[in-house]
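Shown next, in C-alpha cells, is the structure this report addresses.
Quick look at the structure:
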C-alpha cells in the first residue's frame, strides 16, 4: 500500500550471532558481504535474558520429547524427506503446532496405554485367577475392594515368603484363602482398613505383588471361562485404536519431522547462546537486522557453519536504528527529512507528505520552462563535479530530488506559459497567453494578488494537515493537552474566520443569518478556551501565557506562505528585468555602431548578457525555491507534529565501488 501522508520505518530485530573462535573471521566476512547487520557493542547477557534462554530451551526440549513420543508410536522404520519451508516458521509456531497435535493424540494414546495395561494384566494374572477359582467364586470387584472399614487384596508370594508374612501379619487378617500356582502362593485376604498400610508394606518387603484390578462385572469363574473372548475383544479395540493413531501420524508425518528439525536447530542455537554468556571460546556479534533480512542471515549460516543466531523483537528499553522504507518516487526525499531529524524507530516517517509538498512548493516558486530545463541539466551533468563522491547514496538521492523538482517546475512553466520571464513576449512578440497550456493557471500566477491569495490558501491547507496529524498523534499517545489544543485551533479557524469577517469587515463568507454568526462568536470563544486549557495542560503555568502564541501563530503561519508568491513573482520579474536590461544594452550598442557590424555586435552582446543574467537568475531562483521549500516544510509543517530523534540504520558492509578517485589536485 502506497503511504499517503506518513509512513513507518521498517521493523527491526535484535540479533546476537555466536561463532566459534575458529569460525569468527569467516562469519565476519559473511556478515560484511550480506550487508544487513547494524553492528553494536556486544554486551553480556543479563540475568533475565539468561533465564529467558533457559526457559525457551526447556519449552523446546519438551516439544522435541513430545515429537519423539509421537514418532515412537509409528509402526516400522522409514526414511522421511524433510519438506522445504515455503514461508519462514518461528520455533514458537512449531511448538504451538506440536502442542495442538499432542492434544489431538493424547486421549487416543491414553486409551491405547489403558488397553495395553489391561491385556498385559489378563496375561499376567491368568494362572493365578484359575488357581484361585478352584477355591472360591466371588465377583471380580471383591478381589480388590476398599471400603470404609474393610479391604480385600490378592497377593502373590514366593513360596518361601508366605510363612514369614503370615507370622508377621497373620493375626491382622480377618479371612484368607490360600492356593498354589506353580512355585508361588496366591493369598486372597480380608482385613480392616486401618491395618492396610502395615499389611501391604509387609507384603512388599517380603517380595509379594498385588494382583492387578479387574473391572469386568462378572464372577471369578465366569471370568476364567470368558477370559479368552475378553482378551480378543480388547485386542480388537487396541488394533482399531492403533490404526486411528497411525492414520493421524501418517497424515502429518512430513510436518512432524519438519517441526522436529526446526526445534532441534533451535535447541542447538539456544544451547550455544547460553554458553556464550560465559564461554571463552566463542565470538559474539550483536546488532540489528531488518525483519525482511533475517531469513537471509539465517539461511546463510544454516549451511553447516559453526555459527548460531538468536533474534528477537526490540524490548521497550531498546533503541533500534531506523531504516526507512518508502516507494521509489518518494524515497529521494528521505534526505530532506533527515536534514531535519531522522524518524525515531516505530514512530512516524513524514517522507511522503514532505515529498508531495516540497516538490509542489519548489515547482510553484521556480515556475519556468527554461529554468526547469536548466536545473535538470545541472542535476545531470554538473552536480557530480561539485561533490567529492558522485556515487554516494546521498548524492544519488539529492540528484533525484532535483530532477523531481525540475519536472514539477517544468510542468508549472508549461501550464503558465513562462519562458525566462517575458522573453517571447519581448523579443518575439508572442504573448504568454498563447504559450500557456492552462490560461487559468497563467492568469492566477501572473497577477500578484491572485498569486498571494493562492499561496495563503495553500498555506491554510498545509498547516491544517499538520495540525490534524498532531491531533491524531495526541489521540494515539492519549495526550489530553494536545487533543484539546488542536480541537481549539480547528474551532477557531472553522467558526472564528467567518465571524471576524462578518463583524470586522462586514463580509459574509457563508450565506447565514446574523443569529448564526452570533453562534459562531460563542464557538470562537469556546475554541480560544480550548487553546488556553490545552496549553496549560501541556506546559503548566507557562501555558497560561504561551497560548497567545498558538492563537496568533495561526495568522503568522498562514502569512508565511506568501513567500511562495514572493519568490515565484521575484523570479519572473527578475527574469523580465534582465530581458529589458539586455535589450537596452544591445540596442544601445546597435545604435552606436551602425550597419551590419553594429547589428552583429548588438546580437552577440545581447546573447551573452541574456545567458549570464538568466544563469544567475536560475541559480538564485533554484536556491531560493529550495531554501523556502525547506523552511515551509520544516518550520510550518513538521514542528506541528513530528519529533524525530532517531538514528540511521547503517549496515556493516564495504560497498563495492565501480570507480575510485586517485591522485591529488594540484
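In the working numbering, the protein residues as written are -7 to 658.
Backbone N, C-alpha and C fix where the C-beta goes; we use that ideal spot for every residue, glycine too.
Span separating the alpha-carbon of residue i from that of residue j
{"i": "residue 621", "j": "residue 346", "result": "10 Å"}
{"i": "residue 374", "j": "residue 387", "result": "12 Å"}
{"i": "residue 11", "j": "residue 530", "result": "50 Å"}
{"i": "residue 207", "j": "residue 110", "result": "9 Å"}
{"i": "residue 308", "j": "residue 338", "result": "11 Å"}
{"i": "residue 378", "j": "residue 370", "result": "10 Å"}
{"i": "residue 613", "j": "residue 286", "result": "47 Å"}
{"i": "residue 122", "j": "residue 228", "result": "24 Å"}
{"i": "residue 254", "j": "residue 299", "result": "16 Å"}
{"i": "residue 266", "j": "residue 43", "result": "9 Å"}
{"i": "residue 250", "j": "residue 58", "result": "14 Å"}
{"i": "residue 119", "j": "residue 177", "result": "12 Å"}
{"i": "residue 638", "j": "residue 8", "result": "22 Å"}
{"i": "residue 165", "j": "residue 185", "result": "11 Å"}
{"i": "residue 86", "j": "residue 342", "result": "38 Å"}
{"i": "residue 222", "j": "residue 214", "result": "11 Å"}
{"i": "residue 344", "j": "residue 336", "result": "16 Å"}
{"i": "residue 162", "j": "residue 216", "result": "29 Å"}
{"i": "residue 561", "j": "residue 643", "result": "46 Å"}
{"i": "residue 226", "j": "residue 306", "result": "56 Å"}
{"i": "residue 212", "j": "residue 136", "result": "12 Å"}
{"i": "residue 532", "j": "residue 554", "result": "34 Å"}
Where the beta strand (DSSP E) through residue i begins and ends
{"i": "residue 183", "result": "176 to 184"}
{"i": "residue 82", "result": "Per DSSP, residue 82 belongs to no beta strand (DSSP E) and is neither H nor E."}
{"i": "residue 303", "result": "299 to 304"}
{"i": "residue 173", "result": "165 to 173"}
{"i": "residue 41", "result": "Note, residue 41: premise wrong, no beta strand (DSSP E); alpha helix (DSSP H) at 39 to 64."}
{"i": "residue 511", "result": "From DSSP, residue 511 is part of no beta strand (DSSP E) but of the alpha helix (DSSP H) over 506 to 531."}
{"i": "residue 32", "result": "30 to 32"}
Alpha helix (DSSP H) segment containing residue i, residue limits
{"i": "residue 160", "result": "151 to 161"}
{"i": "residue 494", "result": "489 to 496"}
{"i": "residue 346", "result": "343 to 357"}
{"i": "residue 481", "result": "472 to 483"}
{"i": "residue 403", "result": "385 to 408"}
{"i": "residue 372", "result": "Where residue 372 is concerned, there is no enclosing alpha helix (DSSP H), given that its DSSP letter is neither H nor E."}
{"i": "residue 10", "result": "Note, residue 10: premise wrong, no alpha helix (DSSP H); beta strand (DSSP E) at 4 to 12."}
{"i": "residue 293", "result": "283 to 293"}
{"i": "residue 26", "result": "16 to 26"}
{"i": "residue 689", "result": "Here the chain has residues from -7 to 658 only, and residue 689 is not among them."}
{"i": "residue 549", "result": "535 to 552"}
Neighbour-count burial assignment, residue i, 16 or more Cβ in a 10 Å radius
{"i": "residue 112", "result": "exposed"}
{"i": "residue 424", "result": "buried"}
{"i": "residue 288", "result": "exposed"}
{"i": "residue 657", "result": "Residue confidence is low: residue 657 scores 48 on pLDDT, short of 50, so the model does not pin down where it sits. Its coordinate-derived value is still stated next. Residue 657 comes out exposed."}
{"i": "residue 340", "result": "buried"}
{"i": "residue 40", "result": "exposed"}
{"i": "residue 615", "result": "exposed"}
{"i": "residue 619", "result": "exposed"}
{"i": "residue 231", "result": "exposed"}
{"i": "residue 499", "result": "exposed"}
{"i": "residue 146", "result": "buried"}
{"i": "residue 159", "result": "exposed"}
{"i": "residue 380", "result": "exposed"}
{"i": "residue 218", "result": "exposed"}
{"i": "residue 465", "result": "buried"}
What runs of the alpha helix (DSSP H), each 4 residues or longer, lie entirely inside the stretch 430 to 463?
431 to 438
Stretch pair the stretch 188 to 208 + the stretch 61 to 68: three plus CB contacts closer than 8 Å
no
Stretch-stretch touch, CB-based, cutoff 8 Å, three pairs: the stretch 74 to 88 with the stretch 207 to 221:
no
Check whether the stretch 542 to 556 and the stretch 497 to 509 touch, using three or more Cβ-Cβ pairs below 8 Å as the test.
no
Taking 8 Å as the threshold, find out whether the stretch 86 to 96 comes into contact with the stretch 230 to 249 through three or more Cβ pairs.
yes
Any contact between the stretch 443 to 453 and the stretch 404 to 421? By contact I mean 3 or more CB pairs, one from each, below 8 Å.
Counting C-beta pairs with one atom in each stretch, the stretch 443 to 453 and the stretch 404 to 421 have fewer than three that are closer than 8 Å, which means they do not touch.
Three CB pairs or more closer than 8 Å across the stretch 344 to 362 and the stretch 397 to 407
yes
Pairing CB atoms from the stretch 275 to 284 with CB atoms from the stretch 17 to 29, are three or more of them under 8 Å?
yes
Taking one C-beta from the stretch 47 to 56 and one from the stretch 313 to 330 each time, how about it: are there three or more such pairs within less than 8 Å?
no
Would you check if the stretch 156 to 172 and the stretch 122 to 141 touch, i.e. whether three or more CB-CB distances between them fall below 8 Å?
yes
Count the C-beta pairs between the stretch 187 to 200 and the stretch 148 to 155 that are closer than 8 Å, then say yes if the count reaches three, no if not.
yes
Continuous alpha helix (DSSP H) assignments of at least 4 residues falling wholly in the stretch 564 to 637:
587 to 623
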